[in-house]
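Participant: The following block contains the structure, expressed as structure tokens.
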Amino acid sequence: VKYNKFIPPKEEIEKRASCMNWMNWAQVQAFVTGNYGHFFVYAPDNEVGARNYGVNRYGMEVQRLCSVLDQHLANNKYMCGDQYTIADMACLPWFDLLRKQGYHHKDGVKTMDFLRTKQY
757 VKYNKFIPPK
767 EEIEKRASCM
777 NWMNWAQVQA
787 FVTGNYGHFF
797 VYAPDNEVGA
807 RNYGVNRYGM
817 EVQRLCSVLD
827 QHLANNKYMC
837 GDQYTIADMA
847 CLPWFDLLRK
857 QGYHHKDGVK
867 TMDFLRTKQY
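So this is what it looks like as structure tokens:
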């Protein structure tokens, strides 16, 4: 049975709350990273101001989220300490995309050129 296998038990209130917090964090970063990717890759060429605003705004927030993740994992093996949880499953894919592939603009600029994701 996999039910409740990847989440701390109800009796471990602090660990369970931390897991839920990281799950919420993962949802926020998905929204922010998606918006960043949209402005970086798909914004129309004739909307330079809007594109630059979106890339700057969401790019800085993506960098901040990468920093939060880096600082947290510097002291923890997994998102919720020593236990692999659903929070790890939620947080890794988006970050792995940025770290390994990133977004690519048609002009040849890549996310990895200016977001410091390779250090993580």
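For my numbering, add 756 to where a residue sits in the sequence shown, where the first one is 1. Virtual Cβ for every residue (Gly too), placed ideally from N, Cα, C.
1. According to DSSP, is residue 759 helix, strand or coil?
2. With respect to the alpha helix (DSSP H) encompassing residue 788, which residues constitute its N-terminal and C-terminal limits?
3. Report the residue from 848, 858 and 867 whose alpha carbon sits nearest the alpha carbon of residue 783.
4. Whole angstroms are fine: how far does the CA of residue 836 sit from the CA of residue 768?
5. Between residue 779 and residue 846, how many whole angstroms is the CB-CB distance? I'm expecting something under 8 Å.
6. What's the C-alpha gap between residue 760 and residue 864?
7. If we call anything under 8 Å between Cβ atoms a contact, is residue 844 one with residue 834?
8. With distances taken Cα to Cα, identify the nearest neighbour of residue 810 among 792, 763 and 797.
9. Which residues in the same chain have their Cβ closer than 7 Å to the Cβ of residue 770, if we skip the five residues on either side of it in sequence?
10. Under a Cβ-count criterion, where at least 16 other Cβ atoms within 10 Å of its own Cβ denotes burial, should residue 876 be classed as buried or exposed?
11. Rounding to the nearest angstrom, what Cα-Cα distance links residue 822 and residue 798 in this structure?
12. With residue 789 and residue 818 assumed to form a contact (beta carbons below 8 Å), what rounded beta-carbon distance in angstroms separates them?
Facilitator: For this structure:
1. coil
2. 769–793
3. 848
4. C-alpha separation (whole angstroms): 12 Å.
5. 6 Å
6. 45 Å
7. Yes, they are a contact pair.
8. 792
9. none
10. Interpretation of residue 876 is limited by its pLDDT of 47, a score under 50 that renders its predicted location unreliable; the figure taken from the coordinates is listed afterwards. By the 10 Å Cβ count, residue 876 comes out exposed.
11. 22 Å
12. 6 Å
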